[in-house]
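Engineer: Top to bottom, those sequences are chains A and B. Using the numbering used here, the letters of the first sequence map in sequence onto residues 1 to 243. Using the numbering used here, the letters of the second sequence map in sequence onto residues 1 to 251. Even glycine gets a Cβ: it sits at the ideal position worked out from N, Cα and C. Remember, predicted model here, so these are calculated numbers, not experimental data. Below is a structure I'd like to ask you about.
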Amino acid sequence: MNLLIECKKIKRTGLFPTFFIGGILAGLFPLLDMTFRAERYRKSSQPPIEILFSADWQMMAMLNTLLIIICACFLYYGEYADHAIQKMCSLPIRESRLFLEKFMLMSFLCLFVFVIEGAAFTYCALRWFGGRMDFFPLLTGVFKNFGYCFFLMLPAGLLSLLTASACGNLWTPLGIGVICLCLATMIPVNNPWLSLFPYALPFQMLAGTRAETVIFFVTAGAVECVVILLAELLFLRVRRAFA
Amino acid sequence: MNMIETQNLSKSYSGFRAVDGISLHIPKGAVYGFLGPNGAGKSTTMKMLLGLIKPTGGSFVIDGKTYPKDRVEILKEVGSLIESPAFYGNLSGRENLEIIRRILGLSKESVTEALELVELTQHRDKPVKKYSLGMKQRLGLAEALVGRPPILLLDEPTNGLDPVGIHEIRTLIKSLPERFGATVIVSSHLLSEIELMADTVGILNHGHLLFEGTLERLKENALTWGYPSDNLEEMFLAMIEADNRQRGGVR
Ligand SMILES: Nc1ncnc2c1ncn2[C@@H]1O[C@H](COP(=O)(O)OP(=O)(O)OP(=O)(O)O)[C@@H](O)[C@H]1O
Ligand SMILES: [Mg+2]
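Given below as C-alpha cells:
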C-alpha cells in the first residue's frame, strides 16, 4: 500500500480544504443548535450524548455523506480527466490497488471530519450539560459513538467509489450519489431493513439504540463492505475482459 | 534475438477488424518504425502489447514473458506513450514524474534525468494544465523514459512539437538503444520521419502488415517495384494505395 501517492495526487484539487471546511460546518451545527435551544434540551433527562445525537446527527450525517460522495467523485475524476488512469494501468500495479488506496485516503479524510465533529460534541456536552457527566466517560462515549458512525459510513464510501470508478466523468457519479442520498433521507431511521441501504446507514446512531440493533447494523455494514469490494473487483475484471 | 514477437495478433470491435492477424518481430536494441495511415491499427496494437485492451486472437511474447500470465512483469520493463500524453493536470511536471517514480521504485535522480532528456527542466514546477501542447507531449515522453526502461512504446512521439523539438526528439529516440540499451517502437504516419530514426520498419494498413524488414530491404524492394529509392515516401503511398484498391476501394 502506498497511501502517500494518493495523497500527492489530490494536491491543489481543494479536497483537503473541502473536508476541513465541511468538518467545521458540521461541527458548528450542534454548537449553534445548543446556543439557541439549550433550554429545551436541558429539560430532557437523557444522557448528553444521546440528546446531542438525536438533535443534530441527521443533519450532520447528511453533510458527511455528501462530503464522501464528492470526495469519491473527485478522486476518480482526477484519474479520468487527462487519461492519467491509462498511464496507471500501463504501470506494474493493479487497478484494484488504486481503488483500495483511494478508499483508505477517503477513510482518513472522513476520520478527520469525525474528529472535528467529536470535538464539537464533547465541547457541547461539557458546556451545556457539564454537571451530568465526568470528562473521561464522556470522551469514551463520544469515541464509541463516532466509531460506530464511522464504521457505518464505510459502505456508502465504497459504493460512491465504485460508481465513480465505473463512470469516468464527474457528473454522473455525483448525480447518482446525490439522488441516493436524497432517497436515504426519506428512509425512517427506525426501519432496520430499509436502513440497510448503504446511503441510509450513516444516519444510524449508537446512543439510545438497543444492543441487538447495533449488532445487526454492524454485521450488515461489514457484509455490505465485503460485497461492494467484491463487486468492484468483479467490475474491473469484466471491464478488462471487454476492453 | 527478438525482444517482442507477436503471432497473428488480432483485435476486432464487434465484427470490425482493427488489427487483423499481424506477426511482428522486433529485434532487441533496435528502433522499430511502425508505419501506417490513420486508422491502420498502430495504437490498437500498442495498447494490446501493454495489456490495456485484450486481443481477440493471437498471442505475443515480450522479453520472454507471455501475456496475460506475466502482464505485471511485462509492464515493469515497458515505458510507454500512447496516443495523447496522460497526466494529472493539477500537479506539476515533476510531481507527475514523482508519482511514476514511486510506483516503479526508482531513485530520485531518475526524475531529474527524465526532465533533462526532454528539456522540461525549466518548466518542471508549473502545473501541467498550464503546459502548452508540446510541453505536455514532452512530459508524456519523460513519463515513458523515466527509469530507463529496456522497452519503449512511443505512439507518434513528435505530435505537437515544433520543428526544433521534432529534431531533438528524433535524435533522442535514435540514440536510446546506444545510450540505455533500449528497444524502441515508434509509430508514425510518415515514412520520411521513420527513415530518420528506425533500422527496421513494419508497415500497417487496415490492420494488415504489408511489409516488415530493414530499411535496406525496403529500398531494394522499391527498386524492384520501380520506385526511386531516394524517395521512399512515394513508394509507401503507392503501397497503401495498391492495398486499398485490392480491398475494393474502401478507405
Ligand atoms: N474502442 C473502439 N471501438 C471501436 N473501434 C475502435 C476502437 N478503438 C479503435 N477502433 C478502430 O480501430 C481502428 C484502428 O485504430 P487505431 O487507433 O489503432 O489507429 P491508428 O493506426 O493508431 O491511427 P492514427 O494514426 O489515426 O492514430 C480504427 O478504424 C478505429 O476506428
Ligand atoms: Mg493512433
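Between which two residues does the alpha helix (DSSP H) containing residue 205(B) stretch?
Structural biologist: Per DSSP, residue 205(B) belongs to no alpha helix (DSSP H); it is in the beta strand (DSSP E), 200-205.
Engineer: Using a beta-carbon distance below 9 angstroms, is residue 165(A) in contact with chain B?
Structural biologist: no
Engineer: Comparing alpha-carbon positions, which option in 68(A), 211(A), 35(A) lies nearest residue 120(A)?
Structural biologist: 35(A)
Engineer: Any heavy atom of ligand 1 inside 8 angstroms of the beta-carbon of residue 29(B)?
Structural biologist: no
Engineer: So, does the stretch 219-229 of chain B touch the stretch 190-201 of chain B, judging by three or more C-beta pairs under 8 angstroms?
Structural biologist: no
Engineer: Within 9 angstroms (strictly less), CB to CB, does residue 88(A) reach chain B?
Structural biologist: Taking CB atoms only, residue 88(A) has a neighbour in chain B less than 9 angstroms away.
Engineer: Quick one: list the residues of chain B neighbouring residue 331(A), beta-carbon separation under 7 angstroms, in chain order.
Structural biologist: A question about residue 331(A) goes unanswered here, because the residues of chain A that appear run from 1 up to 243.
Engineer: Helix, strand or coil: which one does DSSP assign to residue 63(B)?
Structural biologist: Shown here, residue 63(B) sits in coil according to DSSP, grouped into three states, outside any helix or strand.
Engineer: List the endpoints of the continuous alpha helix (DSSP H) containing residue 298(B).
Structural biologist: A question about residue 298(B) goes unanswered here, because the residues of chain B that appear run from 1 up to 251.
Engineer: Taking its Cβ as the centre, do 16 or more other Cβ atoms sit within 10 Å of residue 234(B), making it buried, or is it exposed?
Structural biologist: An exposed status is given to residue 234(B), since fewer than 16 other beta-carbon atoms sit within 10 Å of its beta-carbon.
Engineer: 9 angstroms is my cut-off, CB to CB: does residue 251(B) come that close to chain A?
Structural biologist: With a pLDDT of 49 at residue 251(B), under the threshold of 50, the modelled position of this residue cannot be trusted, and the question is left open.
Engineer: Contact criterion: CB-CB distance below 9 angstroms. Does residue 248(B) meet it with respect to chain A?
Structural biologist: no
Engineer: Can you check whether the C-beta of residue 129(B) is within less than 9 angstroms of a C-beta belonging to chain A?
Structural biologist: yes
Engineer: May I have a chain-ordered list of the alpha helix (DSSP H) segments no shorter than 4 residues that lie completely inside the stretch 90-141 of chain B?
Structural biologist: 93-104, 109-117
Engineer: Does any CB atom of chain B fall closer than 9 angstroms to the CB of residue 224(A)?
Structural biologist: no
Engineer: Please classify residue 167(B) as buried or exposed, where buried requires at least 16 neighbouring CB atoms within 10 angstroms.
Structural biologist: exposed
Engineer: Under the rule that 16 or more other beta-carbon atoms within 10 Å means buried, what is residue 230(B), buried or exposed?
Structural biologist: exposed
Engineer: Just to check my reading of the structure: residue 41(B) and residue 18(B) have Cβ atoms closer than 8 angstroms, yes? What is that Cβ distance to the nearest angstrom?
Structural biologist: 5 angstroms
Engineer: Closer than 7 angstroms by beta-carbon distance: list the chain A residues that pair up with residue 102(B), in chain order.
Structural biologist: 2, 5
Engineer: Please list the partners that residue 82(B) has in chain A, where partner means a Cβ-to-Cβ separation under 8 angstroms.
Structural biologist: Within chain A, the residues near residue 82(B) are 86, 90.
Engineer: Looking only at its chain, what residues have a beta carbon closer than 8 angstroms to the beta carbon of residue 208(A), apart from the 5 residues adjacent to it on each side?
Structural biologist: 46, 50, 53, 54
Engineer: What separation, rounded to the nearest whole angstrom, lies between the Cα atoms of residue 26(B) and residue 3(B)?
Structural biologist: 6 angstroms
Engineer: Which of the three DSSP states, helix, strand or coil, is assigned to residue 159(B)?
Structural biologist: When secondary structure is reduced to three states using DSSP, residue 159(B) falls in the coil class, being assigned neither helix nor strand.
Engineer: When you get a sec, list the residues whose CB is within less than 7 angstroms of any heavy atom of ligand 2, chain order please.
Structural biologist: 42(B), 43(B), 83(B), 155(B), 156(B), 187(B)
Engineer: CA-CA distance, residue 12(B) and residue 55(B)?
Structural biologist: 8 angstroms
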